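For reference, the structure is listed below as structure tokens.
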Ligand SMILES: NC(=O)C1=CN([C@@H]2O[C@H](COP(=O)(O)OP(=O)(O)OC[C@H]3O[C@@H](n4cnc5c(N)ncnc54)[C@H](O)[C@@H]3O)[C@@H](O)[C@H]2O)[C@H](O)CC1
Ligand SMILES: [K+]
């Protein structure tokens with residue numbers, strides 16, 4: 001089975017984007033659609049998409065856009081500084097803003113209280129807080145939100161990795177999302193494979209990263 005650590009996955013992504021010239025936005029869209037394919041849309045109608053401002057969040061917002069397109073009920077919660085957001089995040093954020101008013105920044109205790117209350121209206125949480133960009137244990141508001149997601153016991157889908165969980169399976173001493181389903185992009189991350197609990201909850205989906213980009217960094 002093909003496994004990658006964080007650094008290798010980042011090398012493959014960046015080779016595909018910078019050398020092969022696959023638009024990053026296309027990969028984000030494929031990632032979002034691969035999550036969507038793993039959602040039972042007959043029973044899941046109300047979503048809380050909780051994202052931060054990197055490309056894991058961009059995947060989350062592209063998913064929100066696609067769910068809004070089919071008139072699903074979506075609340076979008078953004079953590080972190082939008083001024084430092086990735087360009088794929090901004091593109092999807094601008095589209096989401098034109099599709100719904102239910103977009104909230106979570107910064108203060110009052111915002112947290114609102115989130116705690118408002119989460120009860122949905123039957124599905126999508127976790128797009130951190131993926132392979134996580135490089136240290138979570139703390140502060142990120143940890144508080146992850147703890148809140150876990151407290152709620154609402155069916156939770158994580159994009160690529162449970163947020164807070166280290167792709168390499170190291171340093172998992174902070175909070176991380178207790179996901180029900182993990183839709184992992186293109187190649188299984190080593191940490192998920194080594195974790196008995198998460199391995200069985202993970203599906204791996206092709207997002208169009210070319211084999212030649214993969215073979216450059218992994219022995220296949
Ligand atoms: N173009 C691509 O690389 C694609 C990636 N995909 C998805 O994007 C994520 C990886 O995205 P990235 O922007 O590199 O990082 P994250 O979104 O995971 O994290 C954002 C950002 O957060 C900072 N950070 C790291 N650790 C912490 C922490 N403990 N507390 C606070 N902030 C933290 C750090 O600066 C990160 O950069 C990948 O998993 C995929 O989901 C697309 O699917 C395809 C294209
Ligand atoms: K995630």
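Residue numbers (UniProt numbering): 1 to 220. Cβ atoms here follow ideal geometry from the backbone N, Cα and C, with glycine treated the same way. These numbers were taken from a predicted model, which means no experiment stands behind them.
Local conformation of residue i per DSSP, three classes
i: residue 140; result: helix
i: residue 274; result: Missing from the structure shown is residue 274; the chain here goes from 1 to 220 and no further.
i: residue 164; result: coil
i: residue 75; result: strand
i: residue 189; result: strand
i: residue 26; result: helix
i: residue 54; result: coil
i: residue 3; result: strand
i: residue 49; result: strand
i: residue 125; result: strand
i: residue 8; result: helix
Residue i and residue j closer than 8 Å at C-beta
i: residue 131; j: residue 56; result: yes
i: residue 52; j: residue 129; result: yes
i: residue 65; j: residue 83; result: no
i: residue 156; j: residue 180; result: yes
i: residue 197; j: residue 3; result: no
i: residue 159; j: residue 5; result: no
i: residue 77; j: residue 50; result: yes
i: residue 34; j: residue 205; result: yes
i: residue 54; j: residue 86; result: yes
i: residue 88; j: residue 28; result: yes
i: residue 148; j: residue 115; result: yes
6 Å CB neighbourhood of residue i in its chain, flanking five on each side removed
i: residue 221; result: This structure gives no information on residue 221, because the portion of the chain shown stretches from 1 to 220.
i: residue 48; result: 75, 119, 122, 125
i: residue 102; result: 75
i: residue 150; result: 178
i: residue 217; result: 8, 11, 12
i: residue 191; result: 166, 167, 168, 169
i: residue 22; result: 16
i: residue 133; result: 54
Own chain, CB closer than 8 Å to residue i, minus 5 neighbours either side, in chain order
i: residue 26; result: 208
i: residue 162; result: 127, 176, 177, 178, 179, 182, 198
i: residue 70; result: 41
i: residue 36; result: 63, 66, 67
i: residue 97; result: 103
Proximal residues to residue i (C-beta, below 7 Å), its chain only, five neighbours per side dropped
i: residue 138; result: 146, 164, 174, 175
i: residue 20; result: 210, 213
i: residue 99; result: 65, 68
Closer than 7 Å: residue i CB and nearest ligand 4 heavy atom
i: residue 24; result: Of the ligands one can find in the structure shown, namely ligand 1 and ligand 2, none is ligand 4.
**Request:** Check whether the stretch 1-12 touches the stretch 183-200, taking contact to mean three or more Cβ pairs, one atom from each stretch, closer than 8 Å.
**Result:** yes
Q: Could you name the residues whose beta carbon sits closer than 6 Å to any heavy atom belonging to ligand 2, keeping them in chain order?
A: Chain-ordered list of matching residues: 56, 127, 128, 129, 130, 131, 158, 159, 160, 161, 163.
Does the stretch 106-117 come into contact with the stretch 139-159, if we say contact requires no fewer than three beta-carbon pairs (one atom in each stretch) closer than 8 Å?
yes
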